[in-house]
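Only one structure is covered here, and it is reproduced in the block below.
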Amino acid sequence: MLEKKPYHPPHLKESKQLTFQNTKPGGRVSGAKTIEGKNIYRKQKRVDFQNVIDIEREKTILRRLRGAGLLVEVPFEGGDNRSMFVFDEGKEILKVLHTFDREKRKLIYYQLGQELAKIHNVGILHGDMSPRNIVCDSHGKVSFIDFEFAKYIDSREQHTHKTDQEYNEWCAEKMAKEVRQLAVVLSFEMNDGDVIQALLEAYLNEMHPVNEEIKQQLLKKIDLIKQQIKPKQT
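Sequential numbering of the sequence shown, starting at 422, is according to my numbering.
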């Protein structure tokens, strides 16, 4: 587990005065604006798939991740329990990867594997692992965004109905699933064999599951991913 470091998020004092261009009315993101190269979003609480998205829980998760030094979107302090403001820098990763040469892309794939492993090490599952939830700036720095469906995986108390074996299997499967989802889409969209080697190598080097049993199960699942995923042929 990573050591939790103090994190002091910025305070958007003028948030009520910001004028946002509307996106999808009634949607998760109710407005967006770019200020000094930063993409600022106003997110609001809503009912989605019969579940109320908990703004306060998402804020807590983002603070936890930022406090561990992870590259995720930044929550502003302030607001209420029905809305929040976040910012990130960059564009959706699939829209910019082609602008980098091969060696730079390999470094980005490696960085993605590292950051995903760190998110899992802190005890968080992203919950919606897709390239559309990753942004990349002009320097190749990536950030994971949109943690509204994130889940905690480091609290055994939340899984008292499971045996230890069932809990370990659940954790390993959920973690491997997110690795698989990211690797499959990137490998397919980029038609790039470097994705598998760089992303999975970085993930394996960085991961530190809560116990040895989860680690061993995860190693087996990652090995299967290596065998199953092939870049598309052109």
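The beta-carbon is built from N, C-alpha and C at its ideal position, and this holds for glycine as well.
Given that a residue counts as buried once 16 or more other Cβ atoms are within 10 Å of its Cβ, and exposed if not, what is lysine 539?
buried
Since I believe isoleucine 643 is in contact with leucine 625 (beta carbons under 8 angstroms), could you give me their beta-carbon distance rounded to a whole number of angstroms?
6 angstroms
Which whole-angstrom value is the C-beta distance of valine 600 and leucine 537, which I expect to be below 8 angstroms?
7 angstroms
Could you say which of Asn589, Gln649, Phe609 lies nearest to glutamine 637 if we only look at CA atoms?
Asn589
Does glutamate 397 come out as helix, strand or coil in the three-state DSSP assignment?
In the structure displayed, the chain extends from 422 to 655; residue 397 sits before or after that span and is not available.
Look at glutamate 479 and phenylalanine 568 and say whether their C-beta atoms are less than 8 angstroms apart.
yes
Pull the bridge partners of lysine 512 from the DSSP assignment, please.
Cys557
If I measure Cβ to Cβ from glutamate 622 and keep anything under 8 angstroms in the same chain, skipping five residues before and after, which residues do I get?
Tyr531, Gly534
In whole angstroms, what is the alpha-carbon distance linking glutamine 602 and phenylalanine 609?
11 angstroms
I'd like to know whether the C-beta atoms of leucine 486 and valine 563 end up nearer to each other than 8 angstroms.
no
Three-state secondary structure assigned by DSSP to lysine 583
coil
Using CA atoms only, rank isn't needed, just tell me which of Lys572, Asp585, Asp549 is closest to glutamate 634.
Asp585
Taking the C-alpha atoms as reference points, what is the distance between valine 605 and arginine 526?
16 angstroms
Would you mind working out which of Met550, Ile574, Leu639, Lys516 sits nearest phenylalanine 565, comparing C-alpha positions?
Met550
Alpha carbon to alpha carbon, how far is asparagine 554 from aspartate 522?
22 angstroms
Using DSSP bridges, identify the partner residues of lysine 572.
Leu546
From what residue to what residue does the alpha helix (DSSP H) around valine 616 run?
615-627
Since valine 631 is in the beta strand (DSSP E), which residue starts that stretch and which ends it?
Segment: none, valine 631 is in no beta strand (DSSP E) and carries neither H nor E.
Strictly by DSSP, which residues pair up with valine 563?
Cys557
Might you give, ordered along the chain, the residues of its own chain that have their beta carbon closer than 6 angstroms to the beta carbon of glycine 662, omitting 5 neighbours on each side?
The requested residue 662 is not part of the displayed model; the chain covers only 422 to 655.
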